[in-house]
Amino acid sequence: MTVRSPEELEGLKRVGKLVAEAIQHMTEAAKPGVTTRELDEVGANFLREHGARSGPQIVYKFPGFNCISVNDQIVHGVPNKRMLRPGDAVKLDVTAELDGFYADSATTVVLDGEGGDEGRKMLECARSAFQQAMKVAKADTRVNEIGRAIEREVRRHGFSVVKDLTGHGVGRSIHEPPSVPNFYHPLNSDILREGMVIAVEPIISAKPARTVTGEDGWTISTHNKALAAHYEHTIVITTGDPIIVTAA
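Those letters in the sequence shown? Residues 1 to 248, by full-length UniProt numbering.
Below, the structure is given as structure tokens:
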């Protein structure tokens, strides 16, 4: 999507605010003993109360309202009876639709307890990589500069980019052009244009890993059980600093 009017920008900001608040509610509810299905309902109930719908359900008929992935699960985790444990790294990925506008955001919540130190370091890395990407996310810049910034920061922290999964355009649906890889691809000649709406989402693993899809047909994990982290916001490209519509 390309924003062409103040009304469109306000529509994105409205749904983006709801997504941010849903993630905050889910973050507060993520505790040992809570199931991922119960956690999903926290976000789902909040969004429904405010008139928003699940983007994954609308577009893909996803079996949950939100995607919740734990530890080596990277993205698209299906909420179920799995009970959260101390030290778990829980990825909360929320895409909502309101009045025809979509916003997409994700974070990693690391529960207190033994084994959580690596997850916290990875969240810090993913967040820092996003912040580095924001420094180059400007109109008339190549899309691959975002990937360059992310990959450089992830490597600096000693972690790896999951190359099979990328950011993307968003706004009128969940996934739109362009693809926004988290690594530098020299042949990617796509240009960021003013008003373009994209989801920038560093997706990283503790060590190099391929992706595998689980038996449920949805959940994507690292092939070698490496811990994964995910951090994402929907942004609007400008000639200056981008507008982060899913910022809390």
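Glycine included, C-beta positions come from ideal geometry on N, C-alpha and C.
Under DSSP, residue 73 forms a beta bridge with 221.
Burial is judged here by how many other beta carbons sit within 10 angstroms of a residue's own beta carbon; residue 201 has at least 16 and is buried. Less than 9 Å separates the beta-carbon of residue 248 from that of residue 21.
Annotated three-state conformation of residue 25 is helix, per DSSP. Nearest Cα to residue 11 within the set 234, 146, 214: 234. Runs of the alpha helix (DSSP H) spanning 4 or more residues and lying entirely within the stretch 82-119 do not occur at all. Note that the stretch 116-129 does not touch the stretch 92-105; fewer than 3 beta-carbon pairs, one per stretch, sit closer than 8 Å. Per DSSP, reduced to three states, the secondary structure at residue 145 is helical. Nearest to residue 18 by alpha-carbon distance, out of 44, 35, 176, is 44. Residues 98 of the same chain have their beta carbon placed closer than 7 Å to that of residue 51, with the five preceding and five following residues left out of the count. Per DSSP, reduced to three states, the secondary structure at residue 55 is helical.
Setting aside the 5 residues that flank it on each side, residue 70 is surrounded in the same chain by 88, 90, each with a C-beta closer than 6 Å to its C-beta; the list follows chain order. Apart from sequence neighbours up to five positions away, the residues of its chain that approach residue 37 with a beta-carbon distance below 6 Å are 79, 80, ordered along the chain.
The beta carbon of residue 206 sits closer than 7 Å to the beta carbons of 118, 122, 159, 226, 227 from its chain, once the five residues preceding and following it are set aside; these are given in chain order. Per the C-alpha coordinates, the member of 34, 143, 224 positioned closest to residue 210 is 224. Distance check between residue 241 and each of 124, 85, 178, 132 places 132 closest, using alpha-carbon atoms only.
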